[in-house]
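Peer 1: Read in order, the letters of the sequence shown correspond to residues 12 to 231 in the working numbering.
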Amino acid sequence: GALLAAALAAGLCLATLPGTARALGVAPPYRWRPVAAGLGLFLLIFPVVVAVGHLATLAASLIAWLTGGSPPDLIAHETLRTLTASGRDAAWWFAVIAVVVGAPLAEEFVYRGCLQSALERLSTARRESAWRRQGAGAGESRAWAGGAGGWWGWWEWWPIALTSLIFAAAHVGVAAPQALVTLFALSLAFGAAYRRTGRLVTPVVMHGLFNALNIALAGA
Numbered sequence: 012g013a014l015l016a017a018a019l020a021a022g023l024c025l026a027t028l029p030g031t032a033r034a035l036g037v038a039p040p041y042r043w044r045p046v047a048a049g050l051g052l053f054l055l056i057f058p059v060v061v062a063v064g065h066l067a068t069l070a071a072s073l074i075a076w077l078t079g080g081s082p083p084d085l086i087a088h089e090t091l092r093t094l095t096a097s098g099r100d101a102a103w104w105f106a107v108i109a110v111v112v113g114a115p116l117a118e119e120f121v122y123r124g125c126l127q128s129a130l131e132r133l134s135t136a137r138r139e140s141a142w143r144r145q146g147a148g149a150g151e152s153r154a155w156a157g158g159a160g161g162w163w164g165w166w167e168w169w170p171i172a173l174t175s176l177i178f179a180a181a182h183v184g185v186a187a188p189q190a191l192v193t194l195f196a197l198s199l200a201f202g203a204a205y206r207r208t209g210r211l212v213t214p215v216v217m218h219g220l221f222n223a224l225n226i227a228l229a230g231a
């Protein structure tokens, strides 16, 4: 229900707020290239995310062994546990669609489309303000910051990192601690993809593929 409500709210914002869809890169004309980019980038980053997940699970297992606690659950997300314990009826398929389609649409709209974009605008404004105080023009500051060796070129990745931290923190309580590490790494990839392509559909595709693959693996 919450996922459906969030997805509907995201769709309403896109439909009613002037310029929102264009700013997020989801306005016409629609092309397949951002979708293909999402598929390709997912295949590229998935082994890295799996490695991060294994290392986090190994660390959690070691901590549990040292402290005498219970070993971490291999299914580290409450939604996955619910889906694997449920029968495959109409409600189950509706939940799967919500997780694979609704959640990526809603979460990427909120975290990448709104939060990360707002932080990037703030970062750009602060940088250009600093350069104006030093007597440099806005165009010059943009050119220097975008250069291969520009210090601001690296510093401006902080919106992606902060957004990813908030994204992972939002899953506290529904995901195990070791899964939060994986979600943080995954969110970094989503943020980088959105920053690179400027199209929200790219991280949405990546997010949907990740959720779908997790459901398939959990049920195997």
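We treat Cβ as the ideally placed atom computed from N, Cα and C, and that holds for glycine.
Bear in mind that the values here come from a model prediction, so they are computed numbers and not experimental data.
1. With respect to the alpha helix (DSSP H) encompassing Gly49, which residues constitute its N-terminal and C-terminal limits?
2. Can you give the Cα-Cα distance for Ala101 and Phe57, rounded to whole angstroms?
3. Based on the DSSP secondary-structure assignment, which residues constitute the bridge partners of Ala186?
4. For the alpha helix (DSSP H) holding Ala109, just list the boundary residues, first then last.
5. Using CA coordinates, which residue listed in Thr193, Ala129, His182, Arg138 is at the minimum distance from Ile171?
6. How close, in whole Å, do the beta carbons of Glu119 and Pro214 come, if the pair is a contact with beta carbons under 8 Å?
7. So, Gly219 versus Pro115, is the Cβ gap smaller than 8 Å?
8. Is the Cβ-Cβ distance between Ala196 and Val110 less than 8 Å?
9. Compute the beta-carbon to beta-carbon distance between Gly184 and Thr95, rounded to the nearest angstrom, for a pair I have assumed lies under 8 Å.
10. Could you give the first and the last residue of the continuous alpha helix (DSSP H) run that contains Leu224?
11. What span of residues does the alpha helix (DSSP H) with Pro115 cover, start to end?
12. Whole angstroms are fine: how far does the CA of Arg143 sit from the CA of Ala255?
13. What is the rounded straight-line gap between the Cα of Leu69 and the Cα of Leu191?
14. For Gln127, I'd like the list of residues in its chain whose CB is within less than 7 Å of its CB, leaving aside the five on either flank, ordered along the chain.
15. Give me the Cα-Cα distance between Leu77 and Arg123, rounded to the nearest whole angstrom.
16. Secondary structure at Ala16, three-state DSSP: helix, strand or coil?
17. Buried or exposed: which applies to Leu133, given that a residue is buried once 16 or more other Cβ atoms fall within 10 Å of its Cβ?
18. Beta-carbon within less than 6 Å of Ala159's beta-carbon, same chain only, minus the 5 sequence neighbours each way: which residues are those?
19. In angstroms with no decimal places, state the Cα-to-Cα distance between Leu91 and Leu224.
20. Using DSSP with H/G/I as helix, E/B as strand and the rest coil, what is Glu167?
Peer 2: For this structure:
1. In the sequence shown, the residue the question calls residue 49 occupies position 38. Looking at the DSSP string, the run of the alpha helix (DSSP H) that includes Gly49 is 44-78.
2. Taking the sequence shown and counting its residues from 1, the one referred to as residue 101 is at position 90. Taking the sequence shown and counting its residues from 1, the one referred to as residue 57 is at position 46. Straight-line Cα distance between these residues: approximately 30 Å.
3. In the sequence shown, residue 186 corresponds to position 175, counting from 1. For Ala186, which the question treats as bridged, DSSP gives the partners His88, Val183.
4. Start at 1 with the first residue of the sequence shown, and residue 109 comes out as number 98. No alpha helix (DSSP H) holds Ala109; DSSP gives it neither H nor E.
5. As a first step, residue 171 is located in the sequence shown; it is residue number 160 there, counting from the start. Taking only the C-alpha atoms, the option nearest Ile171 is Ala129.
6. By 1-based counting over the sequence shown, the position of residue 119 is 108. By 1-based counting over the sequence shown, the position of residue 214 is 203. Sure, about 5 Å apart at Cβ, within 8 Å.
7. Here residue 219 corresponds to residue number 208 of the sequence shown, with the count starting at 1. Here residue 115 corresponds to residue number 104 of the sequence shown, with the count starting at 1. In contact: Gly219 and Pro115 (Cβ atoms closer than 8 Å).
8. The residue given as residue 196 occupies position 185 in the sequence shown. The residue given as residue 110 occupies position 99 in the sequence shown. Cβ atoms of Ala196 and Val110: not closer than 8 Å.
9. Within the sequence shown, the letter at position 173 stands for residue 184. Within the sequence shown, the letter at position 84 stands for residue 95. That belief does not hold up - the Cβ atoms of Gly184 and Thr95 are roughly 19 Å apart, past 8 Å.
10. Position 213 of the sequence shown, counted from the start, is the residue given in the question as residue 224. Its alpha helix (DSSP H) spans residues 212-230.
11. The residue given as residue 115 occupies position 104 in the sequence shown. From DSSP, the alpha helix (DSSP H) with Pro115 extends over 114-119.
12. Absent from the model: residue 255. The displayed extent of the chain is 12 to 231, so no value can be given.
13. Indexing the sequence shown from 1 puts residue 69 at position 58. Indexing the sequence shown from 1 puts residue 191 at position 180. Going from the Cα of Leu69 to the Cα of Leu191 covers about 14 Å.
14. Position 116 of the sequence shown holds residue 127. Cβ within range, chain order: Pro170, Ile171, Thr174, Gly202, Tyr205.
15. On the sequence shown, residue 77 is found 66 positions in, with the first residue counted as 1. On the sequence shown, residue 123 is found 112 positions in, with the first residue counted as 1. Rounded to the nearest angstrom, the two C-alpha atoms are 38 Å apart.
16. On the sequence shown, residue 16 is found 5 positions in, with the first residue counted as 1. A caution first: Ala16 carries a pLDDT of 48, below 50, which makes its placement in the model too unreliable to give a value.
17. The count along the sequence shown starts at 1 and reaches residue 133 at position 122. Classification of Leu133: exposed, given that the 10 Å Cβ count is below 16.
18. As a first step, residue 159 must be located in the sequence shown, where it is residue number 148. In this prediction, Ala159 has a pLDDT of 38, which is less than 50 and means its spatial position is unreliable; what the coordinates show is noted afterwards. Cβ neighbours of Ala159 beyond the five flanking positions: none.
19. Within the sequence shown, the letter at position 80 stands for residue 91. Within the sequence shown, the letter at position 213 stands for residue 224. Taking the straight line from one Cα to the other gives about 11 Å.
20. Numbered from its first residue, the sequence shown carries residue 167 at position 156. Three-state DSSP puts Glu167 in coil, outside helix and strand.
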